[in-house]
Structures are given as structure tokens and as C-alpha cells.
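Here is the structure we will look at.
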Amino acid sequence: MNFSQEKYKLIISFHLQFLSNILFFSFLALSFNQPKFCSTATWDSDGITLANRSIVGQYPPAIFVNTNNSIYVVNQEERIIVIWQEENVNPTKIIPGNFTAPLSLFVTSNGDIYIGDGDDNGRVQRWSVETSIFVTVMNTNSSCFGLFVDIYDTLYCSMPHEYQVVKRSLNDPLTTSNRVAAGTGTQGSASNQLSQPLGIFVDVNLDLYVTDCGNDRVQLFQSGESNGITVAGSTSLNPTITLSCPSGIILDAEKYLFIVDNNNNRIVGSGLNGFRCLVGCNGWGSQSNQLDGPFSLSFDRFGNMFVTDQSNHRIQKFLLMKDSPALSFNQPKFCPTPIWDSDGITFANQSIVGEDPRAIFVNANNTIYVVNREDNTILIWEEENVNPTKIISGNFTAPLSLFVTSNGDIYIDDGDHNGQVQRWSAETNTFVMAMNISASCYGLFIDIKNTLYCSMFHHHQVVKRSLNDVVMNSNQVAAGTGIQGSASNELDGPGGIFVDVNLDLYVADCGNDRVQLFQSGESNGITVAGSTSLNPTITLYCPTGIILDAEKYLFIVDNGNHRIVGSGLNGFRCLVGCYGAGSQSNQLNYPFSFSFDSYGNMFVTHSLNHRIQKFQYLEESCALTTTTAMVTTATTTITPMKTPTVTITTTTETMKTTATTTTARKTVSATTMATTTTLSTTTTTTTTTTTIITTTTITAITTATTSATTTTSNSGAVTTWFSSKFGFFVPSVLIYLIYIHN
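Here the sequence shown is numbered in the numbering used here, starting from 282 and rising by one per residue.
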């Protein structure tokens, strides 16, 4: 045996336990469900009551749904654990115990139940599925408001009255062998402190997530770290969502967060597009679409959500909607500096669309809908048709807005004289009332949860109602106080509106020359465009329309400036109508609304030119960007909704001129450090520094400086040697981890 082989034998002998841990980790079965959802997943806003007070008692705190869809709930009054097997309406098993007012439970994959019994008895008990008896597995100083057992059989208990999370290995025979997992034991808001920790979650990386109720935040304590990172709450480094005493947390298969926002009486979740309200988004109460003091949640394997609705003394089940919401409008993805032909094509003139056309909508099939306010008709063009292919006559009067859903139904403003929004049904070809209103809707929108929004210019307010609600007079305020003003909670002549998949509402606030963003559930808006915005944007004059593209950049109808402006990687700029007011092909005259087709072409209504203009997207312009770089340093910071793990720096020295096609906000992934030098002839030299922020999680990190060739060779040698000695194949990635671990 040569020295090299002896070295590898020595490495493996020192790391057999390390390897066994990896193998154990690879085949471990989780007892709870972590579904994988689409980016726009929605749940039925009306919950089904699985169990009421007669079954679960007063203020049910804890629920757990295992991978077999068995449901476990604690009844504090009766001191029992209530169990439902899958698809059973009534409990199939009841386990009485000698615990007092338990607040948490956790079920392992073998069926053992861990239950908090710390208030009077100072312990956590385990009910054994094998023996059907309770034994003490942890001694605690006070109640555990959250329990969790990680993949290494370590039990965690969150104690809000002790401002701490403790843990102990269940393989340790000493029940008093508790260690601190998070918090100092002193109430505080520093990164190493907690204030009333409640729900907890530990992922497969042994990273601990804590709902820090008293600090209105969720803290992430990475494995072995005593300082937490705020991943949700108003104090987080990146914008997330405002919380009020979060009490429960789960991560899905993609490591997105789902949080019980206790004092806001709702469940919120993160995703590809950030945070949004999922259920309980209609204020607190006892209706089927409301919650009152929710405390914990759990998913079944189908993605349905179970919530302990404490103050309503019930368990609510919210069904995952099987049909993912299909957006009916287009949100193209553009290159960083998109260009449109400055000369518009007249798509339809006054003889077709009448005088002062206001409303236009282009759906995902590139069907174009325009309202003729003179004739009270809706004109429809199928894709590539020059003339209207359908005309729908209605009994509305001078409508200002319309919206078309993915099933072809058309919602149209009829508020000025008739005080309503009408819906034309594609199935029945008839109009019915969809909303009662007291003034014209200058903007209409339907969000992914089937909620209809109407912006009332003269009432300085945006109202909304769920189209699933049978009560017609169920309007709620979405934005504005109803009093004209410029404060953050006020509006002055709101026009166009847009609601994204996070249920964040964007309002073109004409009288205040700004665009306001009202985040889901918030009554105070943030100015995201206009001279009063916190960050420099662009000066607007009575904006009347707004759209977000696929990258969430803003496109705005700047009505008083007779132009369309848009934001991008480099800020705001004029896109079309950049030559002043007029009737030439490159001019606009009080544009009111616009819409994109699926190709990125822009359709604009001209109020005073009485026409619809089409501005073609010049896709080939994106390939004309010339970049000349001397030194580029890219820092990849792994942060946001997903677990932050590592920062990697790659430095590349170049001297060359290239023509490149780029896409905004690319995701960068790397696991090594490398320096590359390339020399070529150049005529122009500039220096550029670029910072790229990404949301990538890296699970294996190379800390040794080794060339790719050498690494492959060594890994292969160890794999061959290990296989020959032990008689079975071990994946090279495991051997490589052993090699670099040394």
C-alpha cells in the first residue's frame, strides 16, 4: 500500500461516523408534510370547520398532520389528544393523559407523540405508540409553546416566559441535559435575544426558525450560531412583511416560509414573488373566511392547510385550489434596456372606437378588448385581425374601465349613472351586476383570489369585494380614506390600479402625481414613483394607468405629460410619447390606459386623439448592448426568503469589447473561488464594478484550494479504494465530502 492509499484509509477511518451521519441523513423519513407549491398557489378563502369546541375544547393551541394525513389535536380542557385517520370526519382515537394545559405537540415517524406539559409539571412527555404509556423525556422550567424533533432525534422546546429555546438529544439518558438552542434567557431584540418565542421549525440543515412573538419577527439561527437573522418582519434586512406576534411556522419543500401571524389573524407565506396573505385576509372574525387568534398550522400531503383558530375554538381546513390561477393579462419579461418603436401604428381610429376612448385590455391569447363609450359597445379583436371580430352591445353608460378574466368574462364600469360594475358572461352572453358602487370606476382589477377592485376617482378611494361572496353589498376599503389628501393613507383622484400575486395594490394617484403601493393588509401606502418617493424615481403629472412586468418593474401612463414611462435595472425613463403632446405617430395626447400583448407590444388609448396606438417592441434592440470591462467584481450574497448560507466572491480580469444579450436579475450560483485572466485587443477601456444579489442556497462548500482535475482524481481514487475494501459502491460525492472535510 503506498502513502496515498494509506492517507485515504486514515481519512476514512477518522470519518466513518461522518459518513454514517451522511447516509443516515440521506434516508431519513420526515414525519410531517412539506408540499411543493407553484409560485401562485392559492387556498380557498372559505375554510371548512374540521372540529368545533365540542371536540377540541376551548382555545385549541396545537395541531400536527403527519405524512399519512393523520391529524393530531390537543384538547386542553379534557386533557386528551384527539386523532383523526385520513378522510375520517370524526376522531378515530382519543388518548387521555396526565398532562395539564398542554400547548404544543410533535409526532415522529414511528407514531410517538411528544406533548408539552411544562406549565405545572415542568416536563415534556412522550406517548409511546408501542407501549401506549407516557414517559418524561425532558425537564423544563416552564411551558413549551413550540416543540420540534429534528432529523438527529434532538428535541427542541420554545419557552416564551424564559425568552429561550432549549434542546436535548433524545439519545441522551439524562433528561436534564438541556442545552440552549437560541436566546440568552433575557428578554430583548438583539440578534442573539428573543422576546416570547412561540412556534419553531428545524430544517434538515439543523437551521432553527423561531417565531419571535414579542419582537414581531421570525428569526433564523443557523446551525451552531447564537446570533439570529431576521427573515420575516419589519426589521428584516430585505423587505418582507409586517407581522404582529407570529406564533407558528412551517417551511415547504422549496424552503419558503409559511407563518401564523397571530395578532393580524391571518396566515402569510413567502414565495418566488415575496410574501403575501394566504388565508384570513378579510380581517378578524368568526366567518368561514376569517380567523381570530390563530396559533399553529400544519399541511396535509395534498397541500391543504389546517389552522388552530383559537378564539373561535375550532380547527379550520383551507383547501389548496387545484387549478392554479391563470393570469388573464400579459406581463412580458424584457431585457434591461427594452426599446419600442417611437412611431406608433394606429390600430383603431375614432370611426371604430368613438370619441375619447379610455379602456383597453389585451388578454393572454392576444385578444384585444376596447370600449366604445359613444355606442356603449365592447369591441373585440382576435389575434392578427385588423377589424373587430365581435361587438357586444350593453346597457352601460360611458364606461371608463374594463377587465377580462381567463374564462372570457368581461367586467365593465357602469358606475356613473347606474352605480354598478357589470359582468358579461362568456357562457351565457348576458350581463349581470357584479358590484354596487357609488361612482365611476376609473380602474378595475381582479386578483388571483377572485377579488374585484374598483378605483373611485371622485371618492378618493379604492374598494374591493370578493366575487365568491353572495352578498352584493360586501364592499371593503382597499386603499384611501375617502377624504382627498396626500398623506400615506390618503388618495387624490385614483385612476388605474394593479394587484400583483402577493395581493399588493398599486394605485395611480393622479391628483398627487404619484404611484402608491399598498402592501397586502396595509392601509398606509409607499410612494414608488413620483417626486415625493423616498428614492429618486421620475416626475409624474396625473398618472392614470399602471402595469407590472414579469420582473415587477413599473410601466406607467403619465397622462399629463403625454407619455408612457417605465422602470428597469437603471431606473425610470420615457418609453413612448417622448416628443411632447400632439397627433403625430410618435406623439400622444392625454393617454389614459395601456396594455401589453404577449410579444411585449404596447397598446395605448389616446383620449384626445380618439385612437388606439400600437407601439412595437423592438426585441432585437436588446442584442445591441456593447460592454467594455477592465475589472468586474461580483459578490454573490445568499440571503432572502430562503436560508442564507454563504458569500462567495469571484474576480475576473478582462480586456475585451463584446456585444452581449443580457437578462435583468440573473441568479448566480457558485461553490468555488477562481481567478481568470483574458487578454485581447481593445480600443476602449472602462472600469465597472457590479454587485449581484441572488437567492441561491448552497449546501456543500469547498474550503480547500484544489484544481478541478486534482479533485476529480483524488475523489475517484478514494471511491475505487473504498469500494474494493468494503464491497459496495459509495457515491463519489460522499467520498469527496470526506476528503474536503479533512
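All C-beta atoms, glycine included, are put in the ideal place defined by N, C-alpha and C.
Keep in mind that this is a model prediction, so the values were computed, not measured.
- Given a length threshold of 4 residues, each whole run of the alpha helix (DSSP H) inside the stretch 313 to 367 is given here in chain order: 334 to 337.
- Looking at the backbone, the Cα of residue 622 and that of residue 895 are separated by about 9 Å.
- Taken through DSSP and simplified to helix, strand or coil, residue 634 comes out as helix.
- Counting only runs of at least 3 residues, the stretch 593 to 666 fully encloses the following beta strand (DSSP E) elements, listed from N- to C-terminal order: 595 to 599, 626 to 629, 641 to 643, 649 to 653 and 658 to 662.
- Assignment of residue 503 by DSSP, reduced to helix, strand and coil, places it in the coil class.
- Counting along the chain, residue 431 sits inside no beta strand (DSSP E), nor does DSSP assign it H or E at all.
- Residue 726 is positioned such that its CB atom lies no closer than 7 Å to that of residue 774.
- Under the three-state reduction of DSSP, residue 697 is assigned to helix.
- Taking a C-beta distance under 7 Å as the contact criterion, residue 363 and residue 344 do not qualify as a contact pair.
- For residue 425, the secondary structure class from DSSP, reduced to helix, strand or coil, is coil.
- Taking the Cβ atoms as the reference, residue 464 lies roughly 4 Å from residue 475, within the contact range of under 8 Å.
- Assignment of residue 877 by DSSP, reduced to helix, strand and coil, places it in the strand class.
- As far as DSSP is concerned, residue 568 takes part in no beta bridge.
- Residue pairing for residue 390: DSSP places it in no beta bridge.
- Straight-line measurement puts the Cα of residue 460 at about 15 Å from the Cα of residue 405.
- Rounded to the nearest whole angstrom, the CA to CA distance from residue 591 to residue 338 is 10 Å.
- Here residue 797 is not near residue 763, since their CB atoms are 7 Å or more apart.
- Listed as beta-bridge partners of residue 868 by DSSP are no residues whatsoever.
- Taking the Cα of residue 718 as reference, the smallest distance to any Cα among 702, 417, 608 and 378 is reached at 702.
- Contact between the stretch 526 to 536 and the stretch 564 to 580 is established, with three or more Cβ pairs separated by less than 8 Å.
- Look at residue 897 here: in three-state DSSP terms it is coil, with no helix or strand label.
- With at least 16 other beta carbons inside 10 angstroms of its own, residue 891 counts as buried.
- Residue burial is scored here from C-beta neighbours: residue 643 has at least 16 other C-beta atoms within 10 angstroms and is therefore classed as buried.
- Inclusion of residue 587 and residue 598 in the CB contact set at 7 Å is warranted, their separation being smaller than that value.
- Bridge partners of residue 734 according to DSSP: 726 and 745.
- Distance from the CA atom of residue 660 to the CA atom of residue 321, rounded to whole angstroms, is 31 Å.
- The residue from 458, 411, 418 and 839 with its alpha-carbon nearest to that of residue 812 is 839.
- Between residue 784 and residue 557, the C-beta gap is smaller than 7 Å, which places the two residues in contact.
- A distance of 7 Å or more separates the beta carbons of residue 498 and residue 330.
- A direct Cα-to-Cα measurement between residue 791 and residue 867 gives close to 24 Å.
- Around residue 312, the same chain offers 347, 348, 388, 389 and 390 as residues with beta carbons nearer than 7 Å, after the five sequence neighbours per side are excluded.
- Looking from the CA of residue 316, the closest CA among 491, 552, 650 and 522 belongs to 552.
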